[in-house]
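Since the structure comes first, as structure tokens, the remarks are kept for the end.
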Amino acid sequence: MEFGSGLARIRNNGRVIAAQKTYPCSLQMYKIPPDGEVTLAEFDAMAVERLKILRAVERHNLSGPPKGSDEWVAKIYEEFHKAKNFIISTERISSTKMHEVEEARRSDHVSHFILRLAYCRTEELRRWFVAQEVDLLRARFLHTSNTSSEIRAFISENNMYFAQ
1 MEFGSGLARI
11 RNNGRVIAAQ
21 KTYPCSLQMY
31 KIPPDGEVTL
41 AEFDAMAVER
51 LKILRAVERH
61 NLSGPPKGSD
71 EWVAKIYEEF
81 HKAKNFIIST
91 ERISSTKMHE
101 VEEARRSDHV
111 SHFILRLAYC
121 RTEELRRWFV
131 AQEVDLLRAR
141 FLHTSNTSSE
151 IRAFISENNM
161 YFAQ
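Put into structure tokens, the structure is as follows:
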């Protein structure tokens with residue numbers, strides 16, 4: 001007889017991923033560093049992919065529509081769709097296999113910490129990284145705000161409480 005944690009498990013490229021429990025929400029505050037193994041090729045690909053997105057966020061902030069506008073969010077999400085496996089937006093989850101969603105969320109989580117480590121060398125790099133990550137979260141939150149279940153999951157996951 002086997003005893004497990006009760007989580008559904010998916011085997012993906014030799015890795016076992018705990019489905020829906022590891023990353024219950026597409027929005028993350030990145031409080032806990034990732035664990036597990038990542039190949040050097042994955043490490044490199046994740047870092048490059050996230051850096052492209054952060055640079056796109058910066059580019060749209062400098063020359064695009066006003067930050068926080070619907071048009072700004074749409075432009076940022078156009079960049080997400082170019083990324084092959086980074087952020088799967090909520091409207092694509094129903095048509096996407098759950099293991100692809102988990103892999104995208106894992107990639108998001110790991111790549112954040114990769115760049116967090118790379119951009120901690122100087123205060124200027126740190127400021128740039130934090131500014132772009134804040135705007136990335138803003139875009140993701142504004143885009144997700146029309147999906148109340150995602151917002152509730154995010155609030156619950158991060159122990160946030162709001163009086164209405």
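FYI, in the UniProt record's numbering the residues of the sequence shown are 1 to 164. Every residue gets a Cβ at the ideal spot worked out from N, C-alpha and C, and that includes glycine.
In this structure, the beta-carbon distance from Phe113 to Pro33 falls below 7 Å. Cβ neighbours of Gly68 within its own chain (closer than 8 Å, five residues either side excluded): Arg138 and Leu142. Per DSSP, the unbroken alpha helix (DSSP H) holding Asn61 starts and ends at Leu40 to Ser63. The C-beta distance from Ser149 to Met46 rounds to 27 Å, too long to fall under 8 Å, and the pair is not in contact. Counting along the chain, the unbroken alpha helix (DSSP H) around Gln132 starts and ends at Glu123 to Thr144. The alpha carbon of Ala83 has as its nearest neighbour, out of Arg50, Arg106 and Met98, the alpha carbon of Arg50. Scanning its chain for C-beta atoms nearer than 7 Å, with the 5 sequence neighbours on each side dropped, one finds around Lys75 the residues His60, Gly64 and Pro65, in chain order. If you look at Tyr23, you'll find it isn't in any alpha helix (DSSP H); DSSP assigns it neither H nor E. Taking all protein chains in view, the Cβ of Val48 is surrounded by fewer than 16 other Cβ atoms within 10 Å, so the residue is classified as exposed.
Glu37 sits in coil when the DSSP states are folded into three classes, being neither helix nor strand. Ranked by Cα distance from Leu115, the options Arg126, Thr144 and Glu103 are led by Arg126. Spatial neighbours of Ala56 in its own chain (CB-CB distance under 6 Å, excluding positions within 5 residues in sequence) are listed in chain order as Glu79. With 16 or more other Cβ atoms inside 10 Å of its own Cβ, Glu103 counts as buried.
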